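Q: Quick note, my numbering runs 10 ahead of the 1-based positions in the sequence shown. Sharing a structure below in structure tokens format, with a few things to ask.
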Amino acid sequence: MITEVAGQYNADELENQVRTLWEREDTYRRVRKLRVGGKKFFFVDGPPYTTGRIHLGTAWNKVIKDAVLRYKSMNCFAVKDRAGWDMHGLPIEVKVEESFGFRSKKDIEAYGVDRFIDRCKEFALRQKDDMTAQFKILGAWLDWDDPYMTLKNEYLEAAWWALKKAHEHNLLERGLRVVNWCPRCQTAIADSEVEYWDETDYSIYVKFPVLDEENTFIVIWTTTPWTIPANVAVAVNPSFQYSKVRAWKDGRAETLIMASDLVESVLKIGRYQDYELLGVLSAGQMQELRYEHPLGDMVPGQKNILHAVYAADFVTAENTGCVHIAPGHGLEDYELGLDHHLEIFCPVGEDGRYTEQAGEKYQGIYVKEADSLVIADLEEKGRLLAQGRLAHRYGHCWRCKTPIIFIATSQWFLRISDLRDKMLDEVSRVTWYPEWAGSARFADWINNARDWCISRRGTGEFPCPSGPARSAATWRS
Numbered sequence: 011m012i013t014e015v016a017g018q019y020n021a022d023e024l025e026n027q028v029r030t031l032w033e034r035e036d037t038y039r040r041v042r043k044l045r046v047g048g049k050k051f052f053f054v055d056g057p058p059y060t061t062g063r064i065h066l067g068t069a070w071n072k073v074i075k076d077a078v079l080r081y082k083s084m085n086c087f088a089v090k091d092r093a094g095w096d097m098h099g100l101p102i103e104v105k106v107e108e109s110f111g112f113r114s115k116k117d118i119e120a121y122g123v124d125r126f127i128d129r130c131k132e133f134a135l136r137q138k139d140d141m142t143a144q145f146k147i148l149g150a151w152l153d154w155d156d157p158y159m160t161l162k163n164e165y166l167e168a169a170w171w172a173l174k175k176a177h178e179h180n181l182l183e184r185g186l187r188v189v190n191w192c193p194r195c196q197t198a199i200a201d202s203e204v205e206y207w208d209e210t211d212y213s214i215y216v217k218f219p220v221l222d223e224e225n226t227f228i229v230i231w232t233t234t235p236w237t238i239p240a241n242v243a244v245a246v247n248p249s250f251q252y253s254k255v256r257a258w259k260d261g262r263a264e265t266l267i268m269a270s271d272l273v274e275s276v277l278k279i280g281r282y283q284d285y286e287l288l289g290v291l292s293a294g295q296m297q298e299l300r301y302e303h304p305l306g307d308m309v310p311g312q313k314n315i316l317h318a319v320y321a322a323d324f325v326t327a328e329n330t331g332c333v334h335i336a337p338g339h340g341l342e343d344y345e346l347g348l349d350h351h352l353e354i355f356c357p358v359g360e361d362g363r364y365t366e367q368a369g370e371k372y373q374g375i376y377v378k379e380a381d382s383l384v385i386a387d388l389e390e391k392g393r394l395l396a397q398g399r400l401a402h403r404y405g406h407c408w409r410c411k412t413p414i415i416f417i418a419t420s421q422w423f424l425r426i427s428d429l430r431d432k433m434l435d436e437v438s439r440v441t442w443y444p445e446w447a448g449s450a451r452f453a454d455w456i457n458n459a460r461d462w463c464i465s466r467r468g469t470g471e472f473p474c475p476s477g478p479a480r481s482a483a484t485w486r487s
């Protein structure tokens, strides 16, 4: 029946009529039943977190998927689809903590872990229902009545089965690694869980006293003064040339060592009035040097560490050409430490505060608030060459927005490095649309993937003696 178009188009009214029709006629299931026997097309929804109302990106994602499924159905494919929900872990925990006004994980313990877990489940299920209603308003067709939910036992059992298989294939291991760490959530977080934006931090040039050479220093640069108490080595580039210069400032002279190409820029930053070249050192000669930790008398954990110079290709011709190495607080530092059997010294706890290993003065101080204190101590000891401020991109926890730190902690890992070649073979077997999504973006991601940290435990507060460790509020089935 052709009817006259109304003078005003009411989108809400029309959409309500369509949804009512679909519900009354059970259109979704009748269409799926109509295609039974056709060529199969299998789709499992990538699950959104049930942390709140859907946003534009989530809606766009769902609408595009819906268009593809409708296209396949109209081309006589037997579409098998299932909605899904990501319903546990840190995103949910953080939302519930916010609703209670919790400021630390100690608040969860005081409230009661089991009670907190129950509140997390209730929150996730409530948000699932609200978000389902929103997706239905968008007109998205999925099996909303039988979604997979990550808090259900069927999902948890599947995850444990996968871990069991990984263990059988020697792909599961527990080890000490440097990981992204959120001191607010007190847990390791994945690279994909880190958000970056510009922050202004200190930029300092520090003088490390060379052993057995009076008034002689290796000059390093860093934007993380709080990691200086954890320094165990200096890295130099094996292809660089290094200069030893006598430099004068305010009538006093001292001998400084840095990359030859950077001497004049460093001395200018340090406001030296003049200098003379005493000699040139190769990277090999640099590696014969030993030095004292600039704050060694204040940090008990430094007492028995031998501080030396090592070659590393990651050192660039920037700043001083000498890189401060703290294996307990940096990925490249950690790998260099493993290669040379260095101390993996990490005097920082899971709350981001210095432990007793950092010394009485620093113990209990949050590291991001300790920068000015470390700088003041370096200056008092005559070890600070220069300081300034630098705007640079810095990582933050994408859930609570706290600046992340790098710390060495014992976690469970899947040995992705052992699977990388097989994964790349699988990438080449897939037909990608567009093609570059597989051959470039996804393949590059696999190529650069590190072993996967799958646990979310603290540095020791919530130990798990058998099997993968858990965060304080990992949900129990």
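Glycine included, each C-beta is placed from N, C-alpha and C at the ideal position. Only a predicted model underlies this, so the values are computations on that prediction, with no experimental measurement involved.
How would you write the range of the alpha helix (DSSP H) that G185 sits in, first residue to last?
A: Careful: G185 lies outside any alpha helix (DSSP H), inside the beta strand (DSSP E) at 182–192.
Q: Please report the distance separating the alpha-carbon of Y121 from that of T61.
A: 21 Å
Q: In terms of alpha-carbon separation, which member of K49, L166, S83, G67 lies closest to R40?
A: S83
Q: Enumerate, from N- to C-terminal direction, the unbroken alpha helix (DSSP H) stretches of 4 or more residues contained entirely within the region 24–62.
A: 37–44
Q: Let me know the secondary structure DSSP gives P248 once reduced to three states.
A: Looking at P248 - three-state DSSP - the assignment turns out to be coil, as it is neither helix nor strand.
Q: Along the chain, which unbroken stretches of the alpha helix (DSSP H) at least 4 residues long are found entirely within the region 119–183?
A: For the region 119–183, whole alpha helix (DSSP H) runs of length 4 or above, ordered along the chain, are 123–148, 163–178.
Q: Is the beta carbon of P304 less than 8 Å from the beta carbon of K391?
A: For P304 and K391, yes; Cβs fall inside 8 Å.
Q: Report the three-state DSSP secondary structure of V78 (helix, strand or coil).
A: Helix at V78.
Q: Exposed or buried, H339, counting other C-beta atoms within 10 Å across all chains shown (16 or more means buried)?
A: buried
Q: Between A200 and L152, how many whole angstroms is the CB-CB distance? I'm expecting something under 8 Å.
A: That pair is no contact at about 27 Å.
Q: Is it buried or exposed, Q196, if we count other Cβ atoms within 10 angstroms and call 16 or more buried?
A: Flag for Q196 reads buried.
Q: Which residue wins for smallest C-alpha separation from T330, given the options A380, E286, S213, W446?
A: S213
Q: Mark K217 as exposed unless 16 or more other C-beta atoms lie within 10 angstroms of its C-beta, in which case mark it buried.
A: buried
Q: Return the residue from the list V28, D91, G280, Y59 that minimises the CA-CA distance to K50.
A: D91
Q: Figure out for me which residue from W207, T210, L272 has the closest Cα to the Cα of I230.
A: L272
Q: How big is the Cα-Cα spacing for G294 and A245?
A: Each residue's alpha carbon lies about 12 Å from the other.
Q: State whether the region 361–368 contacts the region 178–186, with contact taken as three or more CB pairs (one from each stretch) at a distance under 8 Å.
A: no
Q: Measuring straight from C-alpha to C-alpha, what distance separates T210 and D343?
A: 23 Å
Q: So does the region 268–284 actually touch the region 347–360, counting three or more Cβ pairs closer than 8 Å?
A: no
Q: Taking C-alpha atoms, which residue in K278, N314, V309, F250 lies nearest to S292?
A: F250
Q: In chain order, what residues of the same chain lie with their CB nearer than 6 Å to the CB of I464, ignoring the 5 residues before and after it?
A: W422, L424
Q: In three-state DSSP terms, what is R256?
A: It is a strand residue.
Q: Check the DSSP bridge columns for D208 and list the partner residues they point to.
A: R403
Q: Would you be able to state if there are at least three C-beta pairs under 8 Å between the region 230–243 and the region 299–319?
A: Yes: at least three Cβ pairs fall under 8 Å.
Q: Between the region 164–173 and the region 71–88, do three or more beta carbon pairs fall short of 8 Å?
A: no
Q: Just verifying my parser: in three-state terms, what is the DSSP assignment at I64?
A: coil
Q: Got a sec, what are the start and stop residues for the alpha helix (DSSP H) E274 sits in?
A: 273–279
Q: Within the same chain, show all residues whose beta-carbon is closer than 7 Å to that of E389, passing over the 5 residues directly before and after it, in chain order.
A: Residues of the same chain with their beta carbon placed closer than 7 Å to that of E389 are lacking, with the five preceding and five following residues left out of the count.
Q: For the region 101–116 against the region 61–76, are there 3 or more C-beta pairs whose distance is under 8 Å?
A: yes
Q: Is W446 buried or exposed, if buried means 16 or more other CB atoms sit within 10 Å of its CB?
A: Around the C-beta of W446, fewer than 16 other C-beta atoms lie within 10 Å, and the residue is accordingly described as exposed.
Q: Is there a C-beta anywhere in chain B that falls below 8 Å from the one on G392?
A: Among the protein chains of the structure shown there is no chain B, as only one such chain exists.
Q: Starting from M433 and walking both ways along the alpha helix (DSSP H), at which residues does that stretch end?
A: 426–439
Q: Would DSSP call D117 helix, strand or coil?
A: helix
Q: For E328, which of helix, strand or coil comes out of DSSP?
A: Coil at E328, not helix or strand.
Q: In the DSSP assignment, what residue or residues form a beta bridge with L287?
A: V255
Q: Would you report the Cα separation of V276 and I375, rounded to the nearest angstrom?
A: 31 Å
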